[in-house]
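Visitor:
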Amino acid sequence: MYRYDDIDREILADRVAEFREQCARRLAGDITEEQFKPLRLKNGLYLQLHAYMLRVAIPYGVLDSAKLRRLAHVARTYDRGYGHFTTRTNLQLHWIKLRDAADILESLAEVGLHAIQTSGNCIRNLTADPHAGATADEVDDPRVWAEVIRQWSTFHPEFSYLPRKFKIAVTGSPTDRAAIRVYDIGLRLLRDDDGALSFQVLAGGGLGRSPHLGSVIRDRLPAKHLLSYLQAILRVYNRAGRRDNPNKARIKILVAALGVAEFSRQVEEEWELTDQASIDLPDTELARIRADFQPAAMAVLPPVSAAFEAAKAADPALARFARNNVTAHKQPGYGLVNVSLKAIGETPGDCSADQMDAVADLAERYSLDEVRVTYEQNLLLPHVKLDDVAAVHAGLVAAGLATPNIGLISDIIACPGLDYCALANARAIPIAQDIARRFADPALAEKIGQLNIKISGCINACGHHHVGHIGILGVDKKGEEFYQLTLGGAADDDAALGQALGPALSADRVAPAIDDLVAAYLRERRAGERFIDTFRRTGLAPFKEAVYAEAH
Amino acid sequence: MKALTANRLIDGEVVFWTGETWSERFAAARLFDDESAAEAAEAHAKSNVTELIEPYLIDVSAVDGGVAPISYRERLRALGPTNKLEHGKQAAGGADIAVLAAAHGAARSKGRVDLIRRK
Amino acid sequence: MPKLIRWSNGEATWVEDPFTDVDDDELVPQGEVIVSLARFQREGAELLASGRGVGVRLGSDEAPETLVLDLPRIPVLALSFPKFRDGRSYSAARVARDRLGYRGEIRAVGEVFLEMAPQLSRCGFDAFAPTDNSTPQQWARSITRFRHVYQRASDEREPAFVERMGD
Chain A
-12 MYRYDDIDRE ILADRVAEFR EQCARRLAGD ITEEQFKPLR LKNGLYLQLH AYMLRVAIPY
48 GVLDSAKLRR LAHVARTYDR GYGHFTTRTN LQLHWIKLRD AADILESLAE VGLHAIQTSG
108 NCIRNLTADP HAGATADEVD DPRVWAEVIR QWSTFHPEFS YLPRKFKIAV TGSPTDRAAI
168 RVYDIGLRLL RDDDGALSFQ VLAGGGLGRS PHLGSVIRDR LPAKHLLSYL QAILRVYNRA
228 GRRDNPNKAR IKILVAALGV AEFSRQVEEE WELTDQASID LPDTELARIR ADFQPAAMAV
288 LPPVSAAFEA AKAADPALAR FARNNVTAHK QPGYGLVNVS LKAIGETPGD CSADQMDAVA
348 DLAERYSLDE VRVTYEQNLL LPHVKLDDVA AVHAGLVAAG LATPNIGLIS DIIACPGLDY
408 CALANARAIP IAQDIARRFA DPALAEKIGQ LNIKISGCIN ACGHHHVGHI GILGVDKKGE
468 EFYQLTLGGA ADDDAALGQA LGPALSADRV APAIDDLVAA YLRERRAGER FIDTFRRTGL
528 APFKEAVYAE AH
Chain B
72 MKALTANRLI DGEVVFWTGE TWSERFAAAR LFDDESAAEA AEAHAKSNVT ELIEPYLIDV
132 SAVDGGVAPI SYRERLRALG PTNKLEHGKQ AAGGADIAVL AAAHGAARSK GRVDLIRRK
Chain C
6 MPKLIRWSNG EATWVEDPFT DVDDDELVPQ GEVIVSLARF QREGAELLAS GRGVGVRLGS
66 DEAPETLVLD LPRIPVLALS FPKFRDGRSY SAARVARDRL GYRGEIRAVG EVFLEMAPQL
126 SRCGFDAFAP TDNSTPQQWA RSITRFRHVY QRASDEREPA FVERMGD
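And the structure:
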């Protein structure tokens, strides 16, 4: 992974010093809260319901044990001993004090962590395919390019006051695990016939109040021109994006208003006028960054681990864990081990400081000192020998992190919701806990199969409910918490926005409704159909009837 | 009936105007029956820019055992998150907290199942 | 005369501002003036013919490209920040500097305060009319605080990747 050099470290140190002074100016009353707010947001510091929340950036979801241990230390020292991993692969700390913020940033900076641009109307944290560098189907490691974009976008002086936030996702694989169609810019790496790298560029995707799927604005962009092309897109957006209404200010609104063809034309025109050579990275710098992402030496192993097979045969829990949480690696004899942060009845995405330390130990010992955060709010150990999975599993069991439910019904994405978030209309966490408890039986969960439930506490859609197989949106109906269900959303290559199922349900009717939906699915499904497949075949009707029929 | 609340700048803590100071406890909040007195207090609080962020008035009503904010959002601010009862103001326990916590049920419609599981 | 902070040759100083801002419905006084784009388009030739300095004030929704033919004769471009959150003038300044080759003064007007210094200076602004009580010393410190930058902009600073090549 990318290793900070002195320049990167000095940039962080200068940023911390700057923020300290900004805080001092605010506390002295030299700047107003209105002026201070975007400054603290650009350091990831929100005022939430109960306290400040700090959103620590985890660039494209990649951590090592040193970073993860430092997050645990900060959570213990300055917060309540836990953190919350988000759908943007960042870590949120929910009980922060402004007086500690600069010290926290200084502590994070020591290991190359920061909270730069995790909020505010600027270019936010990059996300990439969580299987990067470990999957056989990738054309190139998207994290290399995510790091390229991260540096270029950090403190970009022209784009620090955009009309709204700006999010970019990168994938290197024909299978989209980065949900690139629901980002302001989505980038897919391609290899041309002559072996040259290029990008397919999508723009105008996004969830929130008015969800859009992104459109291709450029089929093939030579990879070396990535930054100058992004410069052109961002300048068009900065100048033409709406500033009159924050709900209409994202680039998706501009792309829809102009139409894809005209938007693309404006970008091309701007790009033609751009001094590309002054922006695009020289090959030496690209090579320098790329070198950090060279995979560590892996052992030459047989594709099947006799030890692992024997261990699974002897331990049904391990076998179940392997079935659901371990994915094939491009290197024979290795696997990607998913660590579920969705223990039944716990808060989705939450991880205690002790658990962080436990995962850090496992990563250091068994995963070439690398651990990742996925946008499903889980963790991932990307390079584990199959020979070692049993030991990793034992370590996870001891830490309460071995729930074998990746991609299953209890692997629920849920935003913090009204329990924490000042923007929310309703709580999301108790809904998730209720549903998970109903489907706690692992055998039942496996019988149901892949089912992505995503819960947002408000229309800002941080829980990605629009792209859940079952989406749940919290709304405020006359001062009470109600929930609007949608079906058929998907964030993968068959990306789709969910369709409303029916009138919003009161909180106590949501988990029973999920019961009804699952029952309808189990009745209707044909061999090999996941929930989403059955829905795509039958449409809403049987599900709507199951939930809203008079019999209930 | 109204009360005045804000967040404390230095640590983000939810606070309530007692008439003299800013308290972390809703039970200590000064209750306003008079609209102009409430607005005067709010205006005064807004001038206190180095101590507070965004003071605003909230609606409160009588409930069993005391007074509670009408909206569940404000009750959450006065109590803490429902998924971690050991965090937030609710961790202190006591009669004040019990009044606020019970108000969840009181302000809901009849027959509503209480989502808050108290272990 | 009102004071302005000018940033040049690595220094920030108070300067007396010789230019008078003139609204559209005001009579144009003697001396050097700054007028809106609309007024410049109507009366600019006449004003310039009188031999005085005529600067142009652009709203955040107005494009410097409109002035491409006149820029060589315009001593000051005043780019507006009606609200500090409105970041369009950062792009306008860069277009004026990089694309249109503008060499005159680009000043930031409107809601301008110290924390905007790094972005303003890097985008080619060299004069600031701050509305907080900040001083040139504070502006200089803010502008020079960051020892490195990651990307090229419209100032002279070399990006980190160029520094690295020198290692």
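Here the protein sequences come in this chain order: A, B and C.
Here the working numbering is used: the first residue of the first sequence is -12, the next is one more, and so on.
Here the working numbering is used: the first residue of the second sequence is 72, the next is one more, and so on.
Here the working numbering is used: the first residue of the third sequence is 6, the next is one more, and so on.
Yeah, the Cβ is synthetic: ideal placement off N, Cα and C, and Gly gets one too.
Can you give, in chain order, each stretch of the beta strand (DSSP E) that sits fully within the stretch 193 to 271 of chain A and has at least 3 residues?
Guide: As far as the stretch 193 to 271 of chain A is concerned, its whole beta strand (DSSP E) runs of at least 3 residues are 202 to 209.
Visitor: Which class does ARG157 of chain C belong to by DSSP, given the choice of helix, strand or coil?
Guide: Of the three classes helix, strand and coil, the one that applies to ARG157 of chain C here is coil, per DSSP.
Visitor: Whole angstroms is fine: what's the gap from ASP348 of chain A's alpha carbon to GLU516 of chain A's?
Guide: Using only the alpha carbons, I get a separation of about 39 Å.
Visitor: Under 8 Å, Cβ to Cβ, is there at least one residue of chain A near ARG179 of chain B?
Guide: In this predicted model, ARG179 of chain B has a pLDDT of only 39, less than 50, meaning its place in the structure is not dependable; the value taken from the coordinates is given anyway. Chain A, which has a Cβ nearer than 8 Å to the Cβ of ARG179 of chain B, makes this yes.
Visitor: Give the DSSP bridge partners of PHE103 of chain B, in chain order.
Guide: Looking at the DSSP assignment, PHE103 of chain B forms a beta bridge with B:LYS73.
Visitor: Assuming LYS317 of chain A contacts ALA123 of chain A (C-beta within less than 8 Å), just tell me the rounded distance between them.
Guide: Yes, LYS317 of chain A and ALA123 of chain A are in contact; Cβ-Cβ is about 4 Å, under 8 Å.
Visitor: Once DSSP output is grouped into helix, strand and coil, what is the label at LYS117 of chain B?
Guide: LYS117 of chain B: helix per DSSP, three-state reduction.
Visitor: Buried or exposed: which applies to HIS35 of chain A, given that a residue is buried once 16 or more other Cβ atoms fall within 10 Å of its Cβ?
Guide: According to the sequence displayed, residue 35 of chain A carries Gln and not His. GLN35 of chain A comes out buried.
Visitor: Given that a residue counts as buried once 16 or more other Cβ atoms are within 10 Å of its Cβ, and exposed if not, what is GLU145 of chain A?
Guide: Buried is the call here.
Visitor: ASP163 of chain A: which of A:GLN253, A:MET285, A:ALA381, A:LEU189 sits nearest, CA to CA?
Guide: When only C-alpha atoms are compared, the closest one is A:LEU189.
Visitor: Hey, is ARG230 of chain A's beta-carbon within less than 8 Å of any beta-carbon in chain C?
Guide: So yes, ARG230 of chain A belongs to the interface.
Visitor: Please work out which residues of its chain come closer than 6 Å, Cβ to Cβ, to GLU134 of chain A, disregarding the five sequence neighbours upstream and downstream, and give them in chain order.
Guide: Taken in chain order, the residues that qualify are TYR(-11), ILE276.
Visitor: Which of the three DSSP states is assigned to HIS118 of chain A in this structure?
Guide: Coil, per DSSP.
Visitor: Count the other CB atoms, across all protein chains shown, that sit within 10 Å of the CB of ALA98 of chain C; report buried if there are 16 or more and exposed otherwise.
Guide: ALA98 of chain C should be labelled buried.
Visitor: Residues bridged to LEU366 of chain A by DSSP?
Guide: A:VAL326, A:VAL360, per the DSSP bridge assignment.
Visitor: Kindly provide the ranges of any alpha helix (DSSP H) runs that are 4 or more residues long and lie completely inside the stretch 462 to 513 of chain A, ordered along the chain.
Guide: Entirely contained in the stretch 462 to 513 of chain A, the alpha helix (DSSP H) runs reaching 4 residues are, in chain order, 494 to 511.
Visitor: Kindly indicate the opening and closing residues of the alpha helix (DSSP H) around THR64 of chain A.
Guide: THR64 of chain A -> alpha helix (DSSP H) spans 52 to 65.
Visitor: Of all the options A:ALA483, A:ASN447, A:GLY70, which has the alpha carbon lying nearest to the alpha carbon of GLY475 of chain A?
Guide: Nearest of A:ALA483, A:ASN447, A:GLY70 to GLY475 of chain A, Cα basis: A:ALA483.
Visitor: Residue range of the alpha helix (DSSP H) that ALA304 of chain A falls in?
Guide: First-last of the alpha helix (DSSP H) with ALA304 of chain A: 303 to 312.
Visitor: Compute the beta-carbon to beta-carbon distance between PRO391 of chain A and PHE308 of chain A, rounded to the nearest angstrom, for a pair I have assumed lies under 8 Å.
Guide: Confirmed, Cβ separation roughly 4 Å.
Visitor: Comparing the C-beta of LEU36 of chain A with each C-beta of chain B, is any distance below 8 Å?
Guide: Closer than 8 Å to some Cβ of chain B, the Cβ of LEU36 of chain A qualifies, so yes.
Visitor: Given that ALA4 of chain A touches chain C, what residues does it touch there, using C-beta distances under 8 Å?
Guide: Residues of chain C passing the Cβ test: ARG150.
Visitor: In three-state terms, what does DSSP make of ARG183 of chain B?
Guide: The pLDDT assigned to ARG183 of chain B is 29, lower than 50, so where the model puts this residue is not dependable; a value taken from the coordinates is nonetheless given after this. Looking at ARG183 of chain B - three-state DSSP - the assignment turns out to be coil, as it is neither helix nor strand.
Visitor: Quick check: the Cα distance between ALA99 of chain B and TRP88 of chain B, rounded to an integer number of angstroms?
Guide: Each residue's Cα considered, the two are about 8 Å apart.
Visitor: Rounded to a whole number of angstroms, what is the C-alpha to C-alpha distance between ARG524 of chain A and ARG512 of chain A?
Guide: If you take the alpha carbons of ARG524 of chain A and ARG512 of chain A, they lie about 9 Å apart.
Visitor: Judging by CA-CA distance, which residue of A:ASP87, A:ILE45, A:ASP51 is the nearest neighbour of ARG7 of chain A?
Guide: The shortest C-alpha separation from ARG7 of chain A is found at A:ASP87.
Visitor: Output needed for LEU438 of chain A: all residues of its chain with C-beta closer than 6 Å, excluding positions within five of it in sequence on either side, in chain order.
Guide: Closer than 6 Å at the Cβ level, and outside the excluded window around LEU438 of chain A, lie ILE396, HIS456, PHE518.
Visitor: Compare the C-beta of TYR107 of chain C against all C-beta atoms of chain A and say whether one is closer than 8 Å.
Guide: Output row for TYR107 of chain C: interface = no.
Visitor: Starting from TYR148 of chain A, find everything on chain C with Cβ-Cβ shorter than 8 Å and list it in chain order.
Guide: Under the 8 Å cutoff, chain C gives PHE89, ARG90, ASP91, GLY92, TYR95, GLN124.
Visitor: Is it the case that the Cβ atoms of ILE442 of chain A and ILE400 of chain A are separated by a distance below 8 Å?
Guide: For ILE442 of chain A and ILE400 of chain A, yes; Cβs fall inside 8 Å.
Visitor: Output the boundary residues of the beta strand (DSSP E) element that contains GLY60 of chain C.
Guide: Start and end: 59 to 63.
Visitor: Tell me which residue opens and which closes the alpha helix (DSSP H) that ASP375 of chain A is part of.
Guide: Premise fails: ASP375 of chain A is in no alpha helix (DSSP H) and is neither H nor E.
Visitor: Looking only at C-alpha atoms, which of A:PHE23, A:ASP(-5), A:TYR39, A:LYS29 sits nearest to GLY83 of chain B?
Guide: Looking at the Cα atoms, A:TYR39 is the closest of the given residues.
Visitor: Check this for me: beta carbons of LEU174 of chain A and TRP132 of chain A, under 8 Å apart or not?
Guide: Going by C-beta atoms, LEU174 of chain A is nearer than 8 Å to TRP132 of chain A.
Visitor: Answer yes or no: does any C-beta atom of chain A fall closer than 8 Å to that of GLU67 of chain C?
Guide: False, the Cβ-Cβ gap to chain A never drops below 8 Å.
Visitor: When Cβ atoms are compared, which residues of the stretch 215 to 246 of chain A fall closer than 7 Å to chain C?
Guide: Answer in chain order: ARG222, ASN225, ARG226, ARG230.
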